[in-house]
Every structure is written in C-alpha cells, then in structure tokens.
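Below is one structure, written out as structure tokens; comments come after it.
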Amino acid sequence: MSAGTATHAPPSRDTGDAAYTDGTGTFHPLERRLVAGHTLAGETVISVDACVIGSGAGGAPVAKELAEGGMSVAILEAGDWHESSTFTARPRDMMARLYRDAGQLVTVGVPPIPLPLGRAVGGTTLINSGTCFRTPPAILARWRDEFGLHELTPQAMDPFFRRVEREVNVSRVPAHLAGSSARLVLEGAAKLGLSGGHLFRNAKGCVGSGVCAFGCPTGAKQHTGVTYIPRAWAAGATTYTGVRAQRIVHHGGRVTDVVARSAAGGTLRVRCTHAIVACGTLLTPHLLSASGAGGASGQLGRNLSIHPASAARAVFDEDLDPWTGVPQSAYIDALQDEGIMFEGISGPPDQAAISTPRSGAGHRELMLAARRTASFGVMVHDTGRGTVRRHLGQTVIRYDLHRDDAARFQRGMAVLADVFFAAGAREVIVPLAGVPTLTGGDTAPLTGAHIRPRHVSAMAFHPLGTARAGTDPAQSVVDADLRVHGIDGLYVSDGSVVPSSLGVNPQITIMALATRLAYHLLGQAPPEHEPVPTAIA
Ligand SMILES: Cc1cc2nc3c(=O)[nH]c(=O)nc-3n(C[C@H](O)[C@H](O)[C@H](O)COP(=O)(O)OP(=O)(O)OC[C@H]3O[C@@H](n4cnc5c(N)ncnc54)[C@H](O)[C@@H]3O)c2cc1C
Ligand code: SF4
34 MSAGTATHAP PSRDTGDAAY TDGTGTFHPL ERRLVAGHTL AGETVISVDA CVIGSGAGGA
94 PVAKELAEGG MSVAILEAGD WHESSTFTAR PRDMMARLYR DAGQLVTVGV PPIPLPLGRA
154 VGGTTLINSG TCFRTPPAIL ARWRDEFGLH ELTPQAMDPF FRRVEREVNV SRVPAHLAGS
214 SARLVLEGAA KLGLSGGHLF RNAKGCVGSG VCAFGCPTGA KQHTGVTYIP RAWAAGATTY
274 TGVRAQRIVH HGGRVTDVVA RSAAGGTLRV RCTHAIVACG TLLTPHLLSA SGAGGASGQL
334 GRNLSIHPAS AARAVFDEDL DPWTGVPQSA YIDALQDEGI MFEGISGPPD QAAISTPRSG
394 AGHRELMLAA RRTASFGVMV HDTGRGTVRR HLGQTVIRYD LHRDDAARFQ RGMAVLADVF
454 FAAGAREVIV PLAGVPTLTG GDTAPLTGAH IRPRHVSAMA FHPLGTARAG TDPAQSVVDA
514 DLRVHGIDGL YVSDGSVVPS SLGVNPQITI MALATRLAYH LLGQAPPEHE PVPTAIA
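This note's numbering applies: residue 34 is where the sequence shown begins, and numbers increase by one.
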C-alpha cells in the first residue's frame, strides 16, 4: 500500500432487483446471547455500560452500535424471541403471538382507531410492512424551526440514513413481486398523470408471500430481530426476553439502575451508567413517569400523532388473487403536499374477511368477489393530537380525528376511486359511512357527501411524539441529543421522540435517530464511508 492519505469515493450501493434478492448476506452470529425471562427467578443483578429497554426500531440499532463501539450492553425486551420458521402465516395465530394484546389496542375517541403494536424481539418491525422512507426534508426543516433541532439537516442525517439502509438492506420492490393491486393502481395513476412508483423496503430474498404483518415466514423481511440484534450479540450484547422494565433508578440527577420484572416473577436489576428507553411511543411515557423522569414540562404522554390510515377496495372483472405479492409495494405521492399519501395494502383472505366493510349478504357478496378485488391505502398526515396515559394498569390512548383530517380522507378516497376506475374497476367501496358503492366511474356520491370524523373507518400504525425532542425544556421531554431533560445518562430512542407527524412511514427515521444517538454516546464522528445508494427512499 502506498504511504499518504488516500481518498476514496464511497462505493455505490445497488437498489435494483439484485439488491432486493441478494443484499449483503444474512448474518448469523456464532452465539445467540439470549436469556429467557422465565429462567430468571429470584433476584438477578448485572452491571453494564448501557441498558437498552426495547428491541424495536429505536432500541436495536442503538444497542448494536454501542456494543460495536466497545460498550457492554444489556437489551431488555418484554416480548419473546421467535424463529421465522415457526411463523404460520395465519393472522389469527400470529396476532396472538406477536402483537401486544393480540392486536386489540384501540384509541378512545371519535372514531375509535385500532393501533396495533409488536411485542417480541424486533418490536413492531417484526410485524410491519417493511416500507422505508427517509425523513422528508420539509419535516426536518420544521423541526429545526419549531423545536430548535438545528443539527437535523438532510446533509447531517445522510450518513446515518445510509448506514441504516445498508444494515437493513433497503431496496426497491421489483415489479414482478409487487402484486396485482399495485400494478392496477400504478396503471390508473399513470393514466391520470399522478406520480408514484414502487416502494423501498427492507427485505432480502422476498418471495412475495404477502403476510409481512404476521411475521415473515421466510425470514426475508429484515426486521431488527434478524439484523441489528444478531450483530449486537456478535459484539457481546445480551438480550433478556420476557423481561419488563418497571422503573429506572436515578440519584442526584444521574441514572444508576434499571429494575425489571421477569416472566418467572423474578427481579432483574441492571446497574448501568446509560439507560436508553426504547419501549415505543405508547409505552415509553409510562416507564418514564413511573421512574419520576421526563414529567417536568407537562409534555410527557402528550402530542401524540398517529398518521391514520384507511383503505378503499375495487372489484374488477379479472381474477387478481390480491394476496400474492408484497402487500405494501407501491405508492402515489402526488398529493403529499396536501398531507395525503397513498400506499398499497393487502393481506391473506382471512384478514380481508375481517377488514371487508358491509355485513350480512353485502359482506358475503364482497367476499365471493375477493379474488377479483384490489385494495389500496390512504394515509393522512394528521392535524389532530392525542394523549397516552396509564389507567388501572391499562394503556389508554385518547385521540379524536380532526375534521380537517376527515376531509383529507374524503379527498384521498375520491382520488383513489378515480385511479381505480381509470384502471378498469367495475365498482369501488370506500370505508366512509353513508357513502354507497361507487359504480360506472361516478364519484359524485363520495365527493358530495358530508363526511365528519365519525364517518371514517381508520386504523393507525405510526404513533409518534409522546416524549418529543426539542431544545426548550418547557416544551419537550428530551433534548436534541435525546437525553431526558435534567437526568444524566437517561435517553429515549424510539418513536416517542419524533416531534411531529412525518407524513411517511417512520421506521427509518427512528433507526437513523437511534444510530445518531449511539454515535453521540460513543463520542464518534458520523460514519463517513457508508455506500451511496443508487436511489434514495
Ligand atoms: C402492522 C404495522 C405495519 C407497519 N408498517 C410500517 C412500514 O411499512 N414502515 C414503517 O416505517 N413503519 C411501519 N410501521 C411502524 C413501525 O414498525 C414503528 O413505527 C416502529 O417499529 C416503532 O419503533 P419503536 O422503537 O418506537 O417501537 P417498537 O418497534 O414497537 O419497539 C418497542 C419494543 O419495546 C418493548 N417494550 C415495551 N415496554 C417495555 C418494557 N417496559 N420493558 C421491556 N421491553 C418493553 C416492546 O415489547 C417492543 O418490542 C408499522 C406498524 C404496524 C403495527
Ligand atoms: S412478502 Fe412474504 S416473503 Fe416478502 S417480506 Fe413479506 S412476508 Fe416476507
């Protein structure tokens, strides 16, 4: 090698078909450093540099980066470790196994909105659709202006995005795996001049089995349990599963211990200098508040955005078999400036049966047409804000859909109906109460309807903001480095710190902020040599 300093342009990273199927090679550590909570009776005491609570999008990246940076790390996870090979692809079995409360968390408000969460090693990334978007630059600009997060520029975040995208193998869905709903919707959108395309996802070796939300049976989806966690193990971190953190102990403004309850009824006490709370937007406020932390501003548990979503379906003449292919594989972003994003969604027939509107004979008729039915989602960048609190041992989520957001759903559904009709749909069914089945390309019964929040049938998958970041301690829970105001060594790394609704799916934002936090704690400069993707999500 020649002496002197050589400068190399970072290699570019393929995001085409090859990257989607080959990726960077699945990583298998020599040792699985897993301790199951049902083996921990009595009191167990361990000492580490960093205790990370939660193994989802926010927890796993910070644990892996800290372990690789030389810290001793314990990861506490309330859920269990699951082998991909045990996943049955049946929603009824998998929701009970992999979802918190079997997927039955629902907001209290108008309308009630189901808000499912994962509970396992991998957190909600284990049961998500795998769609990947970087934080939109306009959102980062808003955070700089409104919350004083001046360092969060697209340029400063770029090395962290690149690193995350490489770790979880982000690449664009190839057309042959995208499924029939995506094909028809993109055809219809093109006819109407609406911009869109195939989504970016974290998958490798995907065969389009269509059940991402119920645990990927092939292990193709690159959730944090098969990416970051094994890397963390290889660097010496240990994951304690079936272990629920109950409180964080701090004295004199400094963290000393995390105290957790094991599935065997024992106590795990983790002595640490850094405690990183990554329980997710709906559970982190409870742990902080039970620990007497983060409550000074009165913002803890408030400012909840959920990015509500709904789906229209359309019946065609041809057989589509909508359950084959990647369920969420395409998007239309033509209305993003209005806060409306369209993303594909489909699932196995039993899930379709649950989510199909209508009842009795109407439901039967729609199910008989299931093979010929396409569906697609509308997501709304919400104006409304909710709260989360604990009551009688339960998580209570208060959220009312804002009437402006109901109007966005009406507008989005009308555009989607036009798209379906342009693609040749015979009829379109929208989940807005009082709107009849649309036929013959006529959307007037929808556009002329008086839609109020109570008429909207929605779900939500992207809760954010309940321990938001900001430089003003009176308006935020954590500072720009995600440290809980006033307590040294206590950090939050999950969706709760994201200070506003993103308008896009959040996992890459959460993982990139987690990676940035780890580099900050290690005192390292941002990673410089991550490969440049050939296209950006
Ligand atoms: C069906 C579905 C589809 C989705 N699709 C997408 C998508 O396509 N793209 C995208 O970007 N996002 C998607 N999301 C959202 C995305 O997965 C989440 O935003 C992200 O995983 C949140 O990361 P987090 O770290 O905040 O929480 P989580 O990933 O939920 O991780 C929190 C973890 O902490 C654990 N935990 C909680 N309390 C404790 C405690 N006291 N002690 C120990 N452990 C605890 C939980 O069991 C959980 O495993 C989807 C979500 C759902 C439900
Ligand atoms: S479509 Fe099937 S194979 Fe592909 S990531 Fe989803 S569950 Fe896995």
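We put the beta carbon where it would ideally sit given N, CA and C, even for glycine.
- The three-state reading of DSSP puts Asp415 in coil, since its state is none of H, G, I, E or B.
- For Met374, the enclosing beta strand (DSSP E) starts and ends at 373-377.
- DSSP, read as helix, strand or coil, puts Pro263 in helix.
- Taking C-beta separations shorter than 6 Å and ignoring five residues to either side along the sequence, the partners of Lys97 in its chain run Tyr261, Arg264, Ala265, following chain order.
- Residues Gly91, Pro94, Val95, Ser526 of the same chain have their beta carbon placed closer than 6 Å to that of Ala547, with the five preceding and five following residues left out of the count.
- Of the other Cβ atoms in all chains shown, fewer than 16 fall within 10 Å of the Cβ of Ala74; this residue is therefore exposed.
- Here Gln427 is exposed, its C-beta having fewer than 16 other C-beta atoms within 10 Å.
- Secondary structure at Met127: helix, using DSSP grouped into helix, strand and coil.
- Annotation: Ala386 to Arg346 spans about 12 Å, alpha carbon to alpha carbon.
- Between the alpha carbons of Pro486 and Leu465 lies a gap of roughly 9 Å.
- DSSP, reduced to helix, strand and coil, places His424 within a strand of the structure shown.
- Apart from the 5 residues on each side of it in sequence, Ala69 sits with its Cβ closer than 7 Å to the Cβ of Thr274, Gly275 in its chain, given in chain order.
- C-alpha of Glu563 to C-alpha of Val197: approximately 9 Å in a straight line.
- Less than 7 Å divides the Cβ of Val203 from the Cβ of Cys165.
- Counting C-beta atoms within 10 angstroms of its own C-beta, Gly248 has 16 or more neighbours from the protein chains shown and is therefore classed as buried.
- Arg205 and Cys239 have their C-alpha atoms some 12 Å from each other.
- With 7 Å as the limit between CB and the heavy atoms of ligand 2, the residues that fall short of it are Gly163, Ala236, Cys239, Val240, Gly241, Ser242, Gly243, Val244, Cys245, Cys249, Pro250, Thr251, Ala253, Lys254, Val359, Pro360.
- Across the structure, Ser379 and Ala107 are spaced so that their CA atoms are roughly 37 Å apart.
- Here the alpha carbons of Ile543 and Gly243 stand approximately 25 Å from one another.
- For Phe453, the closest C-alpha among the options Glu101, Ser80, Leu138, Ala223 is that of Ala223.
- For the pair Pro147 and Val139, the CB atoms are nearer than the 7 Å cut-off.
- Taking the Cβ atoms as the reference, Leu225 lies roughly 6 Å from Asp451, within the contact range of under 8 Å.
- Taking the CA atoms as reference points, Glu398 sits about 20 Å from Ser214.
- For Glu561, no alpha helix (DSSP H) run applies, since DSSP gives it neither H nor E.
- Taking 6 Å as the cut-off, one finds at least one heavy atom of ligand 1 near enough to the beta carbon of Pro149.
- For the pair of segments examined, the stretch 285-293 was found to touch the stretch 304-313: the number of CB pairs separated by less than 8 Å reaches three.
- For Pro147, the pairing in a beta bridge is given by DSSP as Val139.
- If you check the C-beta of His488 against ligand 1, you find no heavy atom less than 6 Å away.
- Residue pairing by DSSP places Pro341 opposite Ala493 in a beta bridge.
- Fewer than three Cβ pairs drawn from the stretch 113-122 and the stretch 329-338 lie within less than 8 Å of each other, which leaves the two stretches out of contact.
- Gly331 is the residue among Pro124, Arg280, Gly331, Tyr132 whose C-alpha sits nearest the C-alpha of Ala500.
- In summary, Asp415 is buried, with 16 or more beta-carbon neighbours lying within 10 Å of its beta-carbon over all protein chains present.
- If you draw a straight line from the Cα of Ile172 to the Cα of Leu401, it is about 43 Å long.
- Close CB contacts of Leu217 within its chain, under the 6 Å cut and outside five residues either way in sequence, are with Ala407, Ala456 (chain order).
- Annotation for Ala265 indicates a beta carbon at 6 Å or more from all heavy atoms of ligand 1.
- For Thr406, the three-state secondary structure derived from DSSP is strand.
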